[in-house]
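Trainee:
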Amino acid sequence: MAPSHSFHVHASSSHLRWSNAIAPALRVPSGAEVHLDLPDGGGNQITRETAAAGTALSGFRMELADPCVGPVYVEGAEPGDVLKVEILDVTPSAGYAWTAVFPDFGVLKDDEEFQTPVLKIWDLQTAKEDGFIVFRESSPRIVVPFAPFLGVVGLAPEAPGELPTVPPMPETGGNIDTKYVTAGSILYLPVKVPGALLSCGDAHAAQGDGEVCGMAAEMQATTRLRLTVEKNKPWVKSPWVLTAPPPPPGMRKGEGEDKREYMCLGIDSDLREATRKAVRGVVEWLATEKGLTRVDAYMLASVAGNLKMCEVVDMPNYTIGFSIPLSIFVS
209 MAPSHSFHVH
219 ASSSHLRWSN
229 AIAPALRVPS
239 GAEVHLDLPD
249 GGGNQITRET
259 AAAGTALSGF
269 RMELADPCVG
279 PVYVEGAEPG
289 DVLKVEILDV
299 TPSAGYAWTA
309 VFPDFGVLKD
319 DEEFQTPVLK
329 IWDLQTAKED
339 GFIVFRESSP
349 RIVVPFAPFL
359 GVVGLAPEAP
369 GELPTVPPMP
379 ETGGNIDTKY
389 VTAGSILYLP
399 VKVPGALLSC
409 GDAHAAQGDG
419 EVCGMAAEMQ
429 ATTRLRLTVE
439 KNKPWVKSPW
449 VLTAPPPPPG
459 MRKGEGEDKR
469 EYMCLGIDSD
479 LREATRKAVR
489 GVVEWLATEK
499 GLTRVDAYML
509 ASVAGNLKMC
519 EVVDMPNYTI
529 GFSIPLSIFV
539 S
């Protein structure tokens, strides 16, 4: 049973590198609930005031992007284990978010028309109540579903040294920018060092699959996570996501669980290899947990699986998701 108390990590415990040498900001028992205060993906460099003054992008320092808060040491976590990260809540802590086009960044970074920096500010004051954020008020009015999630969730890597926070890591996650990591979802990460050393950040109010211009609706946020050490999940060699159940109105009891998906994230500098990693992960899970031969698992994945380009801009690595709908398992 999870402890009755929770723990808090302030945004001042932030870092801009992945390393197993960073001292823990907090130690918690397995099953603990942790609250974290998160700067936005730009390190809070962009504000309403600098946007209004027209100076927000001129002095923007890309090397300060994707700060992570942590790390959190989870007692009992050892290499070979899995850290189960339940996303309990992701809430804006400022009344705005932002999206920008930066020269030489994003899928279309080589196109001449996208070489001028442009900034958009989103109003989040009533986003939770409305269920959407407004892209444009004039006709046709354009709104985007408000779907807050964590862009960065990761564990310390096994190898010594330091890694930047912008590219996702093939095994332990990090800047996966996967929009399915919302409240109600569960992320599973392979533990490589004692204590796991979890850090997170880069909350988004909304994002499309791929995050093609390089930015989502970037926001400051608070998040609540439950961190639990699990054993005997050999297929978890990279991040896995159990998606959140759909909204409850009109749903019969138990129906939500059937509408969830279990998704393996393949991360690699080669797009095809990232895809292969994701598919291999699902094949291993189907063989290990569902009793299929690997050949049958491969065929079922081809017939029932869903492939998603979750992130294609944080070079040198791509994040590709491959999921199986749990509704196919009927007994």
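Numbering (my numbering), first residue to last: 209 to 539. Ideal placement from N, C-alpha and C gives every residue a C-beta, glycine not left out. Keep in mind the model is a prediction, meaning the values are calculated, not measured.
#1: Applying the criterion that 16 or more other CB atoms from any shown protein chain within 10 Å of the CB defines a buried residue, is residue 319 buried or exposed?
#2: Thinking C-beta only, is residue 513 closer than 8 Å to residue 530?
#3: Could you name each continuous alpha helix (DSSP H) segment of 4 residues or more that falls completely within the region 246–320, going from the start of the chain to the end?
#4: From 361, 271, 499 and 424, pick the residue whose C-alpha is nearest to that of residue 328; which is it?
#5: Around the Cβ of residue 373, are there at least 16 other Cβ atoms within 10 angstroms (buried) or fewer (exposed)?
#6: Label residue 439 either buried or exposed according to how many other C-beta atoms from any shown protein chain fall within 10 Å of its C-beta, with 16 as the threshold for buried.
#7: Can you tell me the Cα-Cα spacing of residue 444 and residue 378, whole angstroms?
#8: Taking all protein chains shown into account, decide if residue 523 is buried (16 or more other Cβ within 10 angstroms of its Cβ) or exposed.
#9: With a threshold of 16 other CB atoms inside 10 Å of the CB of residue 459, please say whether the residue is buried or exposed.
#10: What separation, rounded to the nearest whole angstrom, lies between the Cα atoms of residue 305 and residue 299?
#11: Quick check on residue 215: does DSSP put it in helix, strand or coil?
#12: In the DSSP output, which residue or residues are listed as bridge partners for residue 527?
#13: Out of 232, 295, 334 and 310, state which residue places its alpha-carbon closest to the alpha-carbon of residue 323.
#14: What do you reckon, are the CB atoms on residue 408 and residue 361 nearer than 8 Å?
#15: Please name the residue in 365, 539, 503 and 432 whose C-alpha comes closest to that of residue 356.
#16: Using the beta-carbon count (16 or more within 10 Å), is residue 225 buried or exposed?
#17: Should residue 336 go down as buried or exposed, given a rule of 16 or more other Cβ atoms within 10 Å for buried?
#18: Would you call the region 282–301 in contact with the region 387–395, where contact means no fewer than 3 C-beta pairs closer than 8 Å?
#19: Output the distance between the C-alpha atoms of residue 344 and residue 248, rounded to the nearest integer angstrom.
#20: Locate the beta strand (DSSP E) running through residue 503, then write down its first and last residues.
#21: Could you pull out every unbroken alpha helix (DSSP H) segment of at least 4 residues lying fully inside the region 416–455, listed in chain order?
#22: Who are the near neighbours of residue 264 in its chain, counting only those whose CB is closer than 6 Å to its CB and skipping five residues on each side?
Mentor: Short version:
#1: By the 10 Å Cβ count, residue 319 comes out exposed.
#2: yes
#3: 256–261
#4: 424
#5: buried
#6: exposed
#7: 12 Å
#8: Only exposed fits residue 523, as fewer than 16 other CB atoms lie within 10 angstroms of its CB.
#9: Low local confidence applies: a pLDDT of 44 at residue 459 is under 50, so the model's placement there is unreliable, and no value is given.
#10: C-alpha separation (whole angstroms): 12 Å.
#11: strand
#12: 475 and 519
#13: 310
#14: Yes, they are a contact pair.
#15: 432
#16: exposed
#17: exposed
#18: yes
#19: Computed Cα separation, rounded: 23 Å.
#20: That residue, residue 503, is in no beta strand (DSSP E); its alpha helix (DSSP H) goes 502–512.
#21: none
#22: 254, 258 and 327
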